[in-house]
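One structure below.
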Amino acid sequence: MKRLYYSDASDTPPSPPKNPITNQYPQDGNRAKKQMPTVIGAYWYHMITEEFMAVIEQAGLEPSLTNLHQLADVFADFKERASRAEAFKNQAEAAADRAEAAANGVVSETAEKIKQIQDEGSKQVSSITAKGEAVNSDIEAGKASLQTKLEELIAQLDATGGEQANYVKAQAQDILDAIKTSEKNAKTYADNAAASAASASSTISDGKQAISDAKDAAVEAVGNAQKTSVSAVQAAQKTATDAVAAKSSEAQTAIANAQKAVDASVSAASASATAASKSATAAKASQTAAASSESNAAASAESASDSANAAQSSSVSAAASKTAASASAATATTQASAAEGFATQAKASAEKAASIAPESYTTVEVFNSFMTSIYEACDEFIKGV
32 MKRLYYSDAS DTPPSPPKNP ITNQYPQDGN RAKKQMPTVI GAYWYHMITE
82 EFMAVIEQAG LEPSLTNLHQ LADVFADFKE RASRAEAFKN QAEAAADRAE
132 AAANGVVSET AEKIKQIQDE GSKQVSSITA KGEAVNSDIE AGKASLQTKL
182 EELIAQLDAT GGEQANYVKA QAQDILDAIK TSEKNAKTYA DNAAASAASA
232 SSTISDGKQA ISDAKDAAVE AVGNAQKTSV SAVQAAQKTA TDAVAAKSSE
282 AQTAIANAQK AVDASVSAAS ASATAASKSA TAAKASQTAA ASSESNAAAS
332 AESASDSANA AQSSSVSAAA SKTAASASAA TATTQASAAE GFATQAKASA
382 EKAASIAPES YTTVEVFNSF MTSIYEACDE FIKGV
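Once you know that position 160 of the sequence shown is 191 in this note's numbering, the rest is easy, because the numbers rise by one and skip nothing.
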């Protein structure tokens, strides 16, 4: 849409007023004071025009030059849509209320039906149980009556005598014996079943206890092996550290006494510190190996809960871990001995350098001799490691 301005309009939009924007109201001016009315600047017209056009275009309309109630149409359409939305919302709420009421009714009715079914089921179960007891009672009564009649028949046949009577008597006696044997066997079977159930329960309980005991024993063995291994490694590490520190101190003291080998003594001390660091690293590696062995032994202990043989295997693994830790401790001790030998050689080199007479060698020769001794000591230490 073209903006309808006068001929003095600019190609660029106006800028906001330079004076601070105020919250006061415009006034008509005062003729007596020769005060002009408040002037609404071009920026206000530009701003309100852009706002109105944006509202019209947002509603999907094209700003018109002749239709001067487009804003009213936009707001009327918005109000109508809002009213319909409100009606839809009310209808949805009413439908939700009806659905909730229906659902509550269904739940109540369903609960009532379930209760009725449960009550009827309980009645049927009670009736069936009662009839079963009655049938069992009738069976027992019939069996007792049959036994009585058979016994009476046998007595009558004894009194009658004769071959045919004896034959019938034998059959009746067999039937009576079969009934008694069946009762006896049924009782025996019931007793055996009860005893088997008790024995099975006892066996399961004993098995669980045995597995638990085996697991506890394996865990305890692993814990003891772990403690022993860690203690051995820590003791070896401490011994190596103490020996290296002592020998390093001695070497530093001896080298400090050599007036012309100060720099060389510093180098020897640095080499001793490096050797100590290597020994400490080796001891830490031993600790890591012990921790790994502990982890493997713990895994073996967990599998011991399924089998006593697995528990025995984890004990063997723990013993192997202890042996590996002992070997690591021996390695650390060997390295400590090598470091001690290096410190001794460094001390001897320093003493040798200090004992050299100034008139026999020059300063360069003394320094070269001392460094040669240091290199030889380093070679010996490396071979020892």
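Glycine is no exception: its CB is placed at the ideal position from the N, C-alpha and C atoms.
Whole-angstrom distance between residue j and residue i, CA atom to CA atom
i: leucine 207; j: isoleucine 185; result: 10 Å
i: leucine 102; j: glutamine 55; result: 27 Å
i: alanine 193; j: glutamine 187; result: This sequence places glycine at residue 193; alanine is not what is there. About 12 Å.
i: methionine 84; j: lysine 110; result: 19 Å
i: phenylalanine 106; j: glycine 72; result: 28 Å
i: threonine 179; j: serine 157; result: 33 Å
i: glutamine 204; j: isoleucine 170; result: 20 Å
i: serine 176; j: glutamate 151; result: 37 Å
i: asparagine 121; j: glutamate 140; result: 28 Å
i: alanine 201; j: threonine 160; result: 39 Å
i: threonine 53; j: glutamate 124; result: 48 Å
i: glycine 163; j: tyrosine 198; result: 38 Å
i: glutamine 147; j: threonine 219; result: 44 Å
i: proline 48; j: leucine 96; result: 28 Å
i: glutamate 214; j: glutamate 183; result: 20 Å
i: asparagine 216; j: aspartate 222; result: 10 Å
i: asparagine 98; j: isoleucine 87; result: 11 Å
i: glutamine 58; j: histidine 77; result: 21 Å
i: glutamine 155; j: alanine 126; result: 43 Å
i: glutamate 166; j: glycine 173; result: The displayed chain sequence assigns valine, not glutamate, to residue 166. C-alpha separation (whole angstroms): 10 Å.
i: tyrosine 74; j: glycine 60; result: 21 Å
i: alanine 40; j: aspartate 108; result: 34 Å
i: threonine 191; j: serine 153; result: 56 Å
i: asparagine 50; j: aspartate 42; result: 23 Å
i: threonine 69; j: glutamate 82; result: 23 Å
i: glycine 136; j: lysine 144; result: 12 Å
i: aspartate 189; j: leucine 181; result: 12 Å
i: histidine 419; j: valine 138; result: Here the chain covers residues 32 to 416 and nothing more, so residue 419 does not appear.
i: isoleucine 9; j: serine 168; result: There is no way to answer for residue 9, as the model of the chain reaches only from 32 to 416.
i: aspartate 244; j: alanine 226; result: 27 Å
i: isoleucine 79; j: proline 44; result: 13 Å
i: serine 46; j: aspartate 104; result: 31 Å
i: glutamine 195; j: threonine 212; result: 25 Å
i: glutamine 149; j: aspartate 128; result: 31 Å
i: alanine 142; j: phenylalanine 119; result: 34 Å
First and last residue of the uninterrupted alpha helix (DSSP H) at residue i
i: threonine 141; result: 101–191
i: alanine 63; result: No alpha helix (DSSP H) holds alanine 63; DSSP gives it neither H nor E.
i: tyrosine 76; result: 73–89
Minimum Cβ-Cβ distance from residue i to chain C less than 9 Å
i: lysine 215; result: As a matter of chain content, chain C is missing from the structure shown, which is built from one protein chain.
Sufficient close CB pairs (3 or more, under 8 Å) joining the segment 104–118 to the segment 131–149: no
Segment contact flag, the segment 59–73 with the segment 90–101, C-beta cutoff 8 Å, min 3 pairs: no
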